[in-house]
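By our numbering, the letter at position 194 of the sequence shown is numbered 189, and the numbering carries on one by one without gaps.
Since the structure comes first, as structure tokens, the remarks are kept for the end.
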Amino acid sequence: MGIFRLSDESYAFPNPVYAEENGLLAIGGDLSPGRLVNAYANGIFPWYNEGEPIMWWCPKERFVIIPGEIHISRSMKKFMKRTDFRVTFDTSFSSVLHLCRITRENKEGTWITDDMEVAYNRLFELGLASSCEVWYDDKLAGGLYGVRIGRCFFGESMFSVAENASKIALISLAGYLEKQGFEFIDCQFHTDHLESMGGRYISYDEYMAMIARGVDLFGNKT
-4 MGIFRLSDES YAFPNPVYAE ENGLLAIGGD LSPGRLVNAY ANGIFPWYNE
46 GEPIMWWCPK ERFVIIPGEI HISRSMKKFM KRTDFRVTFD TSFSSVLHLC
96 RITRENKEGT WITDDMEVAY NRLFELGLAS SCEVWYDDKL AGGLYGVRIG
146 RCFFGESMFS VAENASKIAL ISLAGYLEKQ GFEFIDCQFH TDHLESMGGR
196 YISYDEYMAM IARGVDLFGN KT
């Protein structure tokens, strides 16, 4: 079966059961808030390169961190006790998003296109995206951002320009979300780094059960 091409007139997605083995489900459409919310609420996310059509992914296994299961190594605990980093939330979303883009561009390239910057800044304005900022003095040393719907956090990207700053951001986010009863932090794809901090695979069915508990599809959000 070929890859589905989305309609410009509808926000509907094909059933994720039809995703390719690598997770690719559909192409096309746009990054409007309505389409993005519908995508994330069904475990689907956009990921593509500049100049390509928008590609929508829904892996059959999901790699997540349960906020209360975040793992903090001994060395990290020691670092956190002596660090001068300061952590904030949602105070500099657009800067975090842009720094995620340019730091990745300088290393291995990025999927954060101009259109994506516009789209996720719009989600933040609508209260549907969040950031965690890590500061050293008055400069951003690291951070992360993602989509926040109900009590589900869908991580998008993180950056660090100082040692352990992105780890501090993730640990701080997990603690913040745990206090608010969030179901998970969606990591999208596995990395050894995220696994070392508590990330694990769950089935798509388990993942969607968590979304059902955490997301009110009728518009209420935490």
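Ideal placement from N, C-alpha and C gives every residue a C-beta, glycine not left out.
Alpha-carbon spacing of residue i relative to residue j, whole angstroms
{"i": "residue 25", "j": "residue 111", "result": "10 Å"}
{"i": "residue 135", "j": "residue 171", "result": "19 Å"}
{"i": "residue 214", "j": "residue 195", "result": "Its pLDDT being 48, under 50, residue 214 is placed unreliably in this model, and the value from its coordinates should be taken loosely. Near 29 Å, if we compare the C-alpha coordinates of residue 195 and residue 214."}
{"i": "residue 221", "j": "residue 190", "result": "It is not possible to answer for residue 221, since the shown part of the chain is limited to -4 through 217."}
{"i": "residue 178", "j": "residue 147", "result": "6 Å"}
{"i": "residue 9", "j": "residue 39", "result": "10 Å"}
{"i": "residue 122", "j": "residue 18", "result": "28 Å"}
{"i": "residue 116", "j": "residue 124", "result": "8 Å"}
{"i": "residue 3", "j": "residue 209", "result": "28 Å"}
{"i": "residue 131", "j": "residue 16", "result": "42 Å"}
{"i": "residue 144", "j": "residue 76", "result": "32 Å"}
{"i": "residue 114", "j": "residue 78", "result": "34 Å"}
{"i": "residue 74", "j": "residue 5", "result": "49 Å"}
{"i": "residue 33", "j": "residue 142", "result": "12 Å"}
{"i": "residue 120", "j": "residue 188", "result": "31 Å"}
{"i": "residue 186", "j": "residue 31", "result": "24 Å"}
Nearest residue (CA-CA) to residue i, options the options
{"i": "residue 90", "options": "174, 50, 37, 127", "result": "127"}
{"i": "residue 66", "options": "165, 14, 85, 147", "result": "165"}
{"i": "residue 12", "options": "37, 2, 1, 4", "result": "37"}
{"i": "residue 159", "options": "70, 85, 31, 17", "result": "70"}
{"i": "residue 193", "options": "-2, 68, 156", "result": "68"}
{"i": "residue 28", "options": "81, 197, 118, 48", "result": "118"}
{"i": "residue 14", "options": "4, 187, 0", "result": "0"}
{"i": "residue 42", "options": "144, 106, 197", "result": "106"}
{"i": "residue 137", "options": "113, 180, 84, 76", "result": "84"}
{"i": "residue 199", "options": "181, 188, 186, 187", "result": "181"}
{"i": "residue 44", "options": "133, 108, 140", "result": "108"}
{"i": "residue 63", "options": "167, 114, 82", "result": "167"}
{"i": "residue 152", "options": "173, 33, 88, 30", "result": "88"}
{"i": "residue 86", "options": "133, 30, 56", "result": "133"}
{"i": "residue 201", "options": "56, 32, 139", "result": "56"}
{"i": "residue 140", "options": "207, 157, 96, 197", "result": "96"}
{"i": "residue 156", "options": "72, 94, 30", "result": "94"}
Buried or exposed (CB count within 10 angstroms, at least 16 for buried), residue i
{"i": "residue 175", "result": "exposed"}
{"i": "residue 129", "result": "buried"}
{"i": "residue 219", "result": "Given a span of -4 to 217 for the chain in the structure shown, any question on residue 219 remains unanswerable."}
{"i": "residue 46", "result": "exposed"}
{"i": "residue 81", "result": "exposed"}
Beta-bridge partners of residue i, as assigned by DSSP
{"i": "residue 128", "result": "83, 138"}
{"i": "residue 41", "result": "51"}
{"i": "residue 155", "result": "137"}
Proximity of residue i and residue j at Cβ, strictly below 8 Å
{"i": "residue 21", "j": "residue 51", "result": "yes"}
{"i": "residue 184", "j": "residue 35", "result": "no"}
{"i": "residue 58", "j": "residue 98", "result": "no"}
{"i": "residue 48", "j": "residue 23", "result": "yes"}
{"i": "residue 169", "j": "residue 60", "result": "yes"}
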